[in-house]
Amino acid sequence: MPVMNESSDQPGSVSRISPPSERVLVLGATGGIGTALVEVLAARGASLVLAARNADKLDMLAARVGGSVRAFDATDLDRVLAEIGAAAAEAPLTGIALCVGAILLKPAHRTSASEWADVVARNLTTAFGVVRAAGQHLGAGASVVLVSSAAARLGLANHEAIAATKAGVEGLVRSAAATYARKGVRFNAVAPGLVRTPLAGALATDPKLIEASAKMHALGRIGEPGDVARALAFLLDPAQSWVTGQVLGIDGGLATVRLAV
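Start counting the sequence shown at 26; every next residue gets the next number (this note's numbering).
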């Protein structure tokens, strides 16, 4: 909780709120949204723990924004538990953001068992692992933010695997928010539309595909990593101490708005 500093010896003095220092662990820190998020957090003075699978990329990112690094696979539940526990033992974590995920655009009947397992592992198992570890190692005032998708709210063709796993993330957020409310740990998520990141591949680089997708978003464009990063940073901010169990749509209106024809 914020600390109130008041100069009581001066009549009419105004109380000032000094936010606690932030220490945030970002999983998937080297991805498009993850990198944008650590840049936002670094700019506001947060202490960072950067996590991803590629140690070389992590070292390059840490050299630019600061922070410590931890290279591991976020689909490994026990490794996630151990790494988050070790990071929290070094100094308390005020937040964890999970920016790991998978995109698979195929109808269900064309999705192989291995493709399904990969999407489940990267979208849902990672989220459960973070919640599991946070429940053990985070204290009062901490915030956990996961990433869902507009596809969990809106029926989009060929999004079955994404929709199923991201809907699971949203259910996980609400249940965890209830479970750990008495402990004072908050759980929220953001639900983006299409974002221009390497993960999106041709969807975010092919001009024709971008134009088609932009027309589906009420605000007439696809998202940029910073759009999502700023929302994640908002939910991680200790000042948002009364926000939990929420899924914030960052999708240009894709899931909720239709323009007049």
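In this text, a Cβ means the ideal position worked out from N, Cα and C, and glycines have one as well. These numbers were taken from a predicted model, which means no experiment stands behind them.
Whole angstroms is fine: what's the gap from Leu-118's alpha carbon to Leu-50's? If you number the sequence shown from 1, residue 118 lands on position 93. If you number the sequence shown from 1, residue 50 lands on position 25. Linking Leu-118 to Leu-50 through their CA atoms gives a straight-line distance of about 7 angstroms.
Quick test of your reading: Ala-280 and Arg-178, contact by CB under 8 angstroms. State the CB separation rounded to the nearest angstrom. As a position in the sequence shown, residue 280 is number 255, starting the count at 1. As a position in the sequence shown, residue 178 is number 153, starting the count at 1. Cβ-Cβ separation between Ala-280 and Arg-178: approximately 4 angstroms, consistent with a contact (criterion under 8 angstroms).
Gly-91: buried (16+ other C-beta within 10 angstroms of its C-beta) or exposed? Here residue 91 refers to the residue found at position 66 of the sequence shown. An exposed status is given to Gly-91, since fewer than 16 other beta-carbon atoms sit within 10 Å of its beta-carbon.
DSSP-derived helix/strand/coil call for Ile-128: Stepping through the sequence shown from its first residue, residue 128 is reached at position 103. The three-state reading of DSSP puts Ile-128 in coil, since its state is none of H, G, I, E or B.
Residue span of the beta strand (DSSP E) that contains Gly-120, given as start and end: In the sequence shown, counting from the first residue as 1, residue 120 sits at position 95. First-last of the beta strand (DSSP E) with Gly-120: 120–123.
Taking Pro-223 as the reference, which of Val-125, Ala-258 and Trp-267 has the closest Cα? Against the sequence shown, residue 223 aligns to sequence position 198. Closest by alpha carbon: Val-125.
DSSP three-state label for Pro-117, please. The residue labelled residue 117 in the question sits at position 92 within the sequence shown. In the structure shown, Pro-117 sits in coil (DSSP, three-state: anything other than H, G, I, E or B).
Suppose you measure from the CA of Ala-202 to the CA of Arg-135; what does that come to, to the nearest Å? Counted from its first residue, the sequence shown places residue 202 at position 177. Counted from its first residue, the sequence shown places residue 135 at position 110. Going by the C-alpha atoms only, they are around 35 angstroms apart.
So, is Ser-174 buried or exposed, given that buried needs 16 or more other C-beta atoms within 10 angstroms? Looking up residue 174 in the sequence shown gives position 149. Buried.
Give, in chain order, every unbroken run of the beta strand (DSSP E) that is at least 3 residues long and sits entirely within the segment 171–214. Runs found: none.
Start and end of the beta strand (DSSP E) containing Gly-327? An answer regarding residue 327 cannot be provided, because it is not within the stretch 26 to 286 covered by the chain.
From what residue to what residue does the alpha helix (DSSP H) around Ser-139 run? By 1-based counting over the sequence shown, the position of residue 139 is 114. Residue range 138–144 is occupied by the alpha helix (DSSP H) that includes Ser-139.
Below 6 angstroms CB to CB, which residues in the same chain sit around Gly-180 once its five sequence neighbours on both sides are set aside? As a position in the sequence shown, residue 180 is number 155, starting the count at 1. Closer than 6 angstroms at Cβ, skipping near neighbours: no residue.
Report the CB separation of Ala-99 from Leu-52 in whole angstroms; it is logged as a contact under 8 angstroms. Sequence index remark: in the sequence shown, residue 99 carries index 74 (1-based). Sequence index remark: in the sequence shown, residue 52 carries index 27 (1-based). Contact between Ala-99 and Leu-52 holds: their C-beta atoms lie close to 5 angstroms from each other, under 8 angstroms.
Please list the segments of the alpha helix (DSSP H) lying wholly inside the segment 41–72, counting only runs of 4 or more residues, in order along the chain. Segments of the alpha helix (DSSP H) lying fully in the segment 41–72: 57–68.
So the beta strand (DSSP E) Ser-238 belongs to, where does it begin and stop? The sequence position of residue 238 within the sequence shown is 213, counting from 1. Where Ser-238 is concerned, there is no enclosing beta strand (DSSP E), although the alpha helix (DSSP H) it sits in stretches over 232–241.
Determine contact between the segment 149–165 and the segment 258–276, defined as no fewer than three beta-carbon pairs at a distance below 8 angstroms. Cβ pair count under 8 angstroms is below three, so no.
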